[in-house]
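Read through the structure below, which is laid out as structure tokens, and then see the notes.
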């Protein structure tokens, strides 16, 4: 990624960063996912209070809501979990949860939202849930120093093993000459 990025608008800047991040992962995003990620970054770039949000409580609160308020709340939970997992994985460690906590909660929020919406709108959120790890990897690649490199080897292995994150796998491979073998899904202790 280039050191100095000059773009005429904030939207153009986010678009460039998203495209470079996706290309760095080796998995370019389709136009819908790229546009959604750009919109998400624009929406949350001016919300520093985001770091203080307790996602499980917000998810539970959304379950008690109805209509468009519920939909908006579920979307925010999914979006914030995606940001935490991809851009700020250190928040998981500070809160004493794994990054897979944000992955699972974010996917669940998107899938709940997809089920509540009509087929057309719901499909976008089903796609976001399915592509969650790729989107997380793209966000991580956008950082000057990918956040997953700062994780411990054990955290990198756990993230890769639990989610299939190729960015975490590359960070782990960079750290060691060993070839890790993932544990089968469903055998996690928590």
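In the UniProt record's numbering, the protein residues as written are 1 to 190. Beta carbons: idealized from backbone N, C-alpha and C, even for Gly. None of the values given here were measured: they were computed from a predicted structure.
- Closest by C-alpha distance to residue 87, when choosing among 12, 102, 11: Indexing the chain shown from 1 puts residue 87 at position 87. It is 102.
- Alpha-carbon to alpha-carbon, residue 82 and residue 133: For the purposes of this step, residue 133 is identified with residue 133 of the chain shown, where counting begins at 1. For the purposes of this step, residue 82 is identified with residue 82 of the chain shown, where counting begins at 1. For residue 133 and residue 82, the distance between alpha carbons rounds to 9 Å.
- Own chain, CB closer than 6 Å to residue 19, minus 5 neighbours either side, in chain order: Looking up residue 19 in the chain shown gives position 19. Correct list: empty, nothing qualifies.
- Could you tell me whether the Cβ atoms of residue 106 and residue 114 are closer together than 8 Å? In the chain shown, the residue the question calls residue 106 occupies position 106. In the chain shown, the residue the question calls residue 114 occupies position 114. Not a contact, by the Cβ cut-off of 8 Å.
- Item | residue 72, buried or exposed, once every other Cβ within 10 Å from all chains shown has been counted against 16 | As a working mapping, residue 72 is identified with position 72 in the chain shown. By the neighbour-count criterion, in which a residue is buried when 16 or more other Cβ atoms sit within 10 angstroms of its Cβ, residue 72 is exposed.
- Task: Go to residue 133, then tell me how far its alpha helix (DSSP H) extends in each direction, as first and last residue.
- Result: Looking up residue 133 in the chain shown gives position 133. First-last of the alpha helix (DSSP H) with residue 133: 132 to 142.
- To which residues of the same chain is residue 79 closer than 6 Å at the C-beta, ignoring the five residues directly before and after it? What you label residue 79 is simply residue 79 of the chain shown in a count that begins at 1. So the list reads 40, once near-sequence residues are dropped.
- Query: How about residue 139 and residue 153: are their beta carbons less than 8 Å apart?
  - Reply: The residue given as residue 139 occupies position 139 in the chain shown. The residue given as residue 153 occupies position 153 in the chain shown. Not closer than 8 Å, so no.
- Message: With H, G and I counted as helix, E and B as strand and the rest as coil, what does DSSP make of residue 27?
- Response: As a working note, residue 27 is residue 27 in the chain shown. Residue 27 falls in the coil class under three-state DSSP.
- Task: Would you tell me roughly how many angstroms separate the C-alpha atoms of residue 119 and residue 176, rounded to the nearest one?
- Result: To locate residue 119, count along the chain shown from 1; it is residue 119. To locate residue 176, count along the chain shown from 1; it is residue 176. So the alpha carbons of these two residues sit roughly 45 Å apart.
- Classify residue 63 as buried or exposed, calling it buried when 16 or more other Cβ atoms lie within 10 Å of its own Cβ. Position 63 of the chain shown, counted from the first residue, corresponds to residue 63. Using a 10 angstroms sphere on the CB of residue 63, the tally of other CB atoms stays under 16, which defines it as exposed.
- Item | Span separating the alpha-carbon of residue 136 from that of residue 65 | For the purposes of this step, residue 136 is identified with residue 136 of the chain shown, where counting begins at 1. For the purposes of this step, residue 65 is identified with residue 65 of the chain shown, where counting begins at 1. Straight-line Cα distance between these residues: approximately 27 Å.
- Item | Cβ-Cβ distance between residue 131 and residue 33 below 8 Å | Residue mapping note: residue 131 aligns to position 131 of the chain shown, counting from 1. Residue mapping note: residue 33 aligns to position 33 of the chain shown, counting from 1. Yes, these two residues count as a Cβ contact at 8 Å.
- Item | Cβ distance (whole Å) where residue 159 is taken to contact residue 99 below 8 Å | Numbered from 1 along the chain shown, position 159 holds the residue referred to as residue 159. Numbered from 1 along the chain shown, position 99 holds the residue referred to as residue 99. The pair is a contact, with the Cβ atoms about 5 Å apart (cut-off 8 Å).
- Please classify residue 112: is it buried, with 16 or more other beta-carbons within 10 angstroms of its beta-carbon, or exposed? To locate residue 112, count along the chain shown from 1; it is residue 112. With 16 or more other Cβ atoms within 10 Å, it is buried.
- Query: Alpha carbon to alpha carbon, how far is residue 77 from residue 95?
  - Reply: Locating residue 77 in the chain shown gives position 77, where the first residue counts as 1. Locating residue 95 in the chain shown gives position 95, where the first residue counts as 1. Approximately 16 Å between the Cα atoms of the pair.
- Item | Backbone CA spacing between residue 13 and residue 129 [nearest angstrom] | Working through the chain shown from its first residue, we reach residue 13 at position 13. Working through the chain shown from its first residue, we reach residue 129 at position 129. Inter-residue distance for residue 13 and residue 129 is about 25 Å (C-alpha atoms, whole angstroms).
- Span of the alpha helix (DSSP H) holding residue 170? Translated into the one-based positions of the chain shown, residue 170 becomes position 170. Note, residue 170: alpha helix (DSSP H), 166 to 175.
- Item | Opening and closing residue of the alpha helix (DSSP H) in which residue 77 lies | Against the chain shown, residue 77 aligns to sequence position 77. 67 to 87 is the extent of the alpha helix (DSSP H) around residue 77.
- Item | Contact under 8 Å by Cβ, residue 141 with residue 30 | Reading the chain shown from its first residue, position 141 is the one you call residue 141. Reading the chain shown from its first residue, position 30 is the one you call residue 30. Result no, Cβ atoms of residue 141 and residue 30 do not sit closer than 8 Å.
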